[in-house]
Amino acid sequence: MSQKYHESYEFEPGSLVCDKCQVAMEPGEVMLQYMGNDFPIQMPKCPLCGQVFIPEELASGKILQVERALEDK
Ligand SMILES: [Zn+2]
3 MSQKYHESYE FEPGSLVCDK CQVAMEPGEV MLQYMGNDFP IQMPKCPLCG QVFIPEELAS
63 GKILQVERAL EDK
């Protein structure tokens, strides 16, 4: 996986479907903003409406780690 992203979420192509559009989600760039900094991450994203799927464990865990890493600086 590219070093470009702080975080990426591996998923089986076609395993995640947008509730609204009923199309398979594709990996897409999502920009997290925290304390004035941008953090590009790669998440499953709907190619039609742009809705992003953020896995629960990521939302509650790894993003918090990013925040903590920043606060330590
Ligand atoms: Zn959609």
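Letter 62 of the sequence shown, counting from 1, is numbered 64 in the working numbering, and no numbers are missing.
Beta carbons are placed, not taken as given, at the ideal position from N, Cα and C, and that holds for glycine.
Model, not experiment: these values are computed from the prediction.
Within the stretch 9-72, the complete beta strand (DSSP E) runs of at least 3 residues fall at 28-36 and 39-47. For a cut-off of 8 Å, the C-beta gap from Met27 to Cys48 is around 5 Å, short enough to register as a contact. When the alpha-carbon of Pro29 is set against those of Tyr36, Lys22 and Ile43, the nearest one is in Ile43.
Here the C-alpha atom of Leu50 lies approximately 8 Å from the C-alpha atom of Val25. 8 Å or more divides the Cβ of Met37 from the Cβ of Tyr11.
Rounded to whole angstroms, Gly16 and Gln35 show a C-alpha spacing of 28 Å.
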